[in-house]
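In what follows, a single structure is set out as structure tokens and then discussed.
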Amino acid sequence: MAGHELSATIFMLFVFTFFFILPSISLPFVVLHGISDSCSKTKVKRFTKLLTNWSGCQGYCIEIGDGAWDSWFMPLMKQTEIACEKVKKIDELIDGYNLVGLSQGAMIGRGLIEFCDGGPQVNNFISLAGPHAGIASVPLCGSEVVCILVDYLIELEVYGAYVQEHLAPSNYIKIPTDIKSYLKGCKFLPQLNNEIKNRKNSTYKERFSSIEKLVLIMFENDTVLVPKETSLFGYYPDGSFDTVLPANETLLYTEDWIGLKTLVEAGKVEFINVTGGHLEITESIMKEYIVPYLEDEDLMQIIVRRSSIYRWFLRLWNSFMELLFGFPEDGLNDNTMKLLSTE
Ligand SMILES: *[C@@H]1O[C@H](CO)[C@@H](O)[C@H](O)[C@H]1NC(C)=O
Ligand SMILES: *[C@@H]1O[C@H](CO)[C@@H](O)[C@H](O)[C@H]1NC(C)=O
Ligand SMILES: *[C@@H]1O[C@H](CO)[C@@H](O)[C@H](O)[C@H]1NC(C)=O
Ligand SMILES: *[C@@H]1O[C@H](CO)[C@@H](O)[C@H](O)[C@H]1NC(C)=O
Ligand SMILES: *[C@@H]1O[C@H](CO)[C@@H](O)[C@H](O)[C@H]1NC(C)=O
0 MAGHELSATI FMLFVFTFFF ILPSISLPFV VLHGISDSCS KTKVKRFTKL
50 LTNWSGCQGY CIEIGDGAWD SWFMPLMKQT EIACEKVKKI DELIDGYNLV
100 GLSQGAMIGR GLIEFCDGGP QVNNFISLAG PHAGIASVPL CGSEVVCILV
150 DYLIELEVYG AYVQEHLAPS NYIKIPTDIK SYLKGCKFLP QLNNEIKNRK
200 NSTYKERFSS IEKLVLIMFE NDTVLVPKET SLFGYYPDGS FDTVLPANET
250 LLYTEDWIGL KTLVEAGKVE FINVTGGHLE ITESIMKEYI VPYLEDEDLM
300 QIIVRRSSIY RWFLRLWNSF MELLFGFPED GLNDNTMKLL STE
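Position 246 of the sequence shown, counting from 1, maps to 245 under numbering that gives the first Met the number 0, and the rest follow consecutively.
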């Protein structure tokens, strides 16, 4: 057998072996629930369980504090820090994970992606009714006991230190006619969206634009989020309530503060509009817009994308060739991998 034929045969063997050694590269996923919810509530449990069943991937609902109460009264930066520590402690997430964020949980999710130093890499991020560009009114609380406190806090100055420290949704309230106070007093969203001049952190943008897929889901009849288009990064222009700008007409997008434009231009963002009110998640929404982003991906693409495995593969291959033929300089290089990954 001629040398190059042998080497081609060995190469194919190697590739096939690789496919069979690593079929378990399916990534786990994390669910972050919304305000007033907790991982122990039937609805959230069922959601996580169904996604696990349909995707075939392990799901983890991550609780912050005691769940419902803390979701209202713990500042979001603190909630994000807790979530960050938790994902670091789950060994199964070490190779990366997909993230499903519900409403306020989507804000914590984005906080995980942007702020969590040393945390595992987020692969796909699916956001359902996340108030990404802010909300211009406080979500309706309802009639539970907790609401007496919520309503009391809302009466106080929303951008004051006390409310910011004690009412989670105040951390993403953005009153378009009071941008100055918002930028000065709001403790989470301006940082998350890299909105403050001279305080933009390119690390946040780098991290957010390094995810593989961003799925933004808006509920067409959402009356909790004002405006509902915030779920797709749309918002009022500064100074007015008259119109809602689509994401791509906001400064966050045009000046690419967090990498949203980068992601869109790379074809990595889905803007989805579904029927129903706030978080009225049907099984068909789950099957159509969540499950496909949790399932196993093409193995070769994951290998190429994850440079550590990729480099390990290259090193292994090159030393293998060197062992056999003693010509490491003819080893596998970037172009070979690119060819492989395009099938
Ligand atoms: C997944 O759901 C199907 C039908 O809905 C059920 O038969 C099956 O037992 C479930 N599998 C697991 C692992 O829960
Ligand atoms: C930007 O954020 C990163 C990650 O949290 C942090 O290490 C770095 O110090 C920040 N840079 C500035 C200028 O604040
Ligand atoms: C939902 O919103 C659409 C327009 O966005 C409207 O046509 C429809 O009537 C609404 N449905 C309900 C049930 O409110
Ligand atoms: C924004 O996106 C919409 C829909 O994709 C597109 O039709 C429109 O031209 C875009 N506008 C700008 C300013 O890029
Ligand atoms: C959402 O989709 C429906 C049709 O499915 C459409 O009537 C509605 O205008 C859309 N809303 C937005 C804000 O794109």
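Virtual Cβ for every residue (Gly too), placed ideally from N, Cα, C.
Beta-carbon contacts of residue i that lie in its chain and below 7 Å, excluding the five residues immediately before and after
i           : result
residue 65  : none
residue 159 : 184
residue 93  : 119
residue 155 : 161, 162
residue 170 : 74, 75, 163, 185, 186, 187, 188
residue 333 : The predicted model places residue 333 with a pLDDT of 45, which falls under 50 and marks its position as unreliable; any figure quoted below should be read in that light. None.
residue 227 : 217, 218, 221
residue 267 : 211, 212, 213
residue 200 : 193
First and last residue of the uninterrupted alpha helix (DSSP H) at residue i
i           : result
residue 197 : That residue, residue 197, is in no alpha helix (DSSP H); it is neither H nor E in DSSP.
residue 289 : That residue, residue 289, is in no alpha helix (DSSP H); it is neither H nor E in DSSP.
residue 184 : 178-184
residue 60  : Note, residue 60: premise wrong, no alpha helix (DSSP H); beta strand (DSSP E) at 58-60.
residue 83  : 75-88
residue 256 : Note, residue 256: premise wrong, no alpha helix (DSSP H); not H, not E.
Identified DSSP bridge partners for residue i
i           : result
residue 269 : 214
residue 100 : 31, 126
residue 134 : 172
Residue i - containing beta strand (DSSP E), residue span
i           : result
residue 124 : 121-127
Simplified DSSP assignment, three categories, for residue i
i           : result
residue 46  : helix
residue 158 : coil
residue 244 : strand
residue 23  : For residue 23, the predicted structure reports a pLDDT of 49, less than 50, and the residue's modelled location is therefore unreliable. The matter cannot be settled from this model.
residue 235 : coil
residue 63  : coil
residue 39  : coil
residue 113 : helix
residue 226 : coil
residue 10  : helix
residue 347 : Any question about residue 347 goes unanswered here, given that the chain covers just 0 to 342.
residue 202 : helix
residue 147 : helix
residue 166 : coil
residue 276 : coil
residue 221 : coil
residue 108 : helix
residue 70  : helix
residue 207 : helix
residue 51  : helix
residue 187 : coil
Contacting residues, own chain, Cβ-Cβ under 8 Å from residue i (five flanking each side not counted)
i           : result
residue 7   : none
residue 165 : 72, 74, 152
residue 207 : 109, 112, 113, 257, 258, 259, 262
residue 242 : 235, 236
Residues near residue i by beta carbon distance below 6 Å, same chain, minus five either side
i           : result
residue 38  : 60, 62
residue 98  : 29, 108, 121, 124
residue 10  : none
residue 295 : 25
residue 359 : Because the chain here runs from 0 to 342, residue 359 falls outside it and cannot be looked at.
residue 91  : 27
Residue-chain proximity (residue i, chain C), Cβ-Cβ < 8 Å
i           : result
residue 238 : Among the protein chains of the structure shown there is no chain C, as only one such chain exists.
What is the chain-ordered set of residues for which the beta carbon lies under 7 Å from any non-hydrogen atom of ligand 3?
219, 220, 274
Who's in the neighbourhood of ligand 2, going by beta-carbon under 7 Å from any heavy atom, listed in chain order?
114, 116, 200, 202, 203
Closer than 7 Å is what we want: which residues have a beta carbon that near any heavy atom of ligand 4? List them in chain order.
245, 247, 248
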